[in-house]
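This note's numbering numbers the first residue of the sequence shown as 3 and each following residue consecutively.
Following: one structure in structure tokens, then a few remarks.
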Amino acid sequence: PNGLFQHQSVMPEDVARRVVPALLAAAKRAGQGSFLTVLKRFGSIRSPALLSFPRPGFTLTLDFPNRGQATLALLKELDQITVEAGGAVNPYKDARMGADIFAASFPEWQRLEAIRDPAFMSSFWAR
3 PNGLFQHQSV MPEDVARRVV PALLAAAKRA GQGSFLTVLK RFGSIRSPAL
53 LSFPRPGFTL TLDFPNRGQA TLALLKELDQ ITVEAGGAVN PYKDARMGAD
103 IFAASFPEWQ RLEAIRDPAF MSSFWAR
């Protein structure tokens with residue numbers, strides 16, 4: 003396989019000291035190192051947008067070479083660690099996120115679905 007996968011998560015500030023090491027440890031256990039890792043603190047202002055990824059807390063971005071199913075399994079584990087800690091996974095950088103992780107990351111999605119024009123459908127929304 004070619005290419006890369008990028009996993010970007012955001013987590014509440016009060017759990018970041020526990021969750022960031024857990025995400026890095028999962029990558030290490032999987033034998034997959036991130037060749038670019040970015041940790042940033044988001045500000046305290048929450049966006050009023052229903053599907054906005056930035057929110058108060060810390061965001062961790064990890065870039066992995068595509069090693070096929072092994073990488074996909076790792077990304078699924080990273081998703082689970084993130085949402086179980088009350089965080090969210092960025093769907094805008096992700097073509098493989100499942101509906102369960104999306105719903106856990108963006109609980110307001112149903113409000114948007116109620117007003118969405120059915121004539122406009124992207125492959126992102128169909129997923």
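Beta carbons: idealized from backbone N, C-alpha and C, even for Gly.
Keep in mind that this is a model prediction, so the values were computed, not measured.
- Counting only runs of at least 3 residues, the stretch 46 to 83 fully encloses the following beta strand (DSSP E) elements, listed from N- to C-terminal order: 59 to 67.
- In the same chain as D65, and ignoring 5 residues on each side of it, the C-beta atoms closer than 6 Å to its own belong to L6, Q8, S36, F37, L38, in chain order.
- The continuous beta strand (DSSP E) containing F7 extends over residues 6 to 13.
- DSSP, read as helix, strand or coil, puts F104 in helix.
- Bounds of the beta strand (DSSP E) holding F44 are 38 to 44.
- Under the three-pair Cβ rule at 8 Å, the stretch 16 to 23 does not count as touching the stretch 97 to 104.
- Spatial neighbours of S49 in its own chain (CB-CB distance under 8 Å, excluding positions within 5 residues in sequence) are listed in chain order as P56, R57.
- Here A87 carries a coil assignment [DSSP, helix/strand/coil].
- About 11 Å separates the CB atoms of D102 and V91; that is not less than 8 Å, and the two are not in contact.
- Scanning its chain for C-beta atoms nearer than 6 Å, with the 5 sequence neighbours on each side dropped, one finds around S46 the residues P58, in chain order.
- Look at P109 here: in three-state DSSP terms it is coil, with no helix or strand label.
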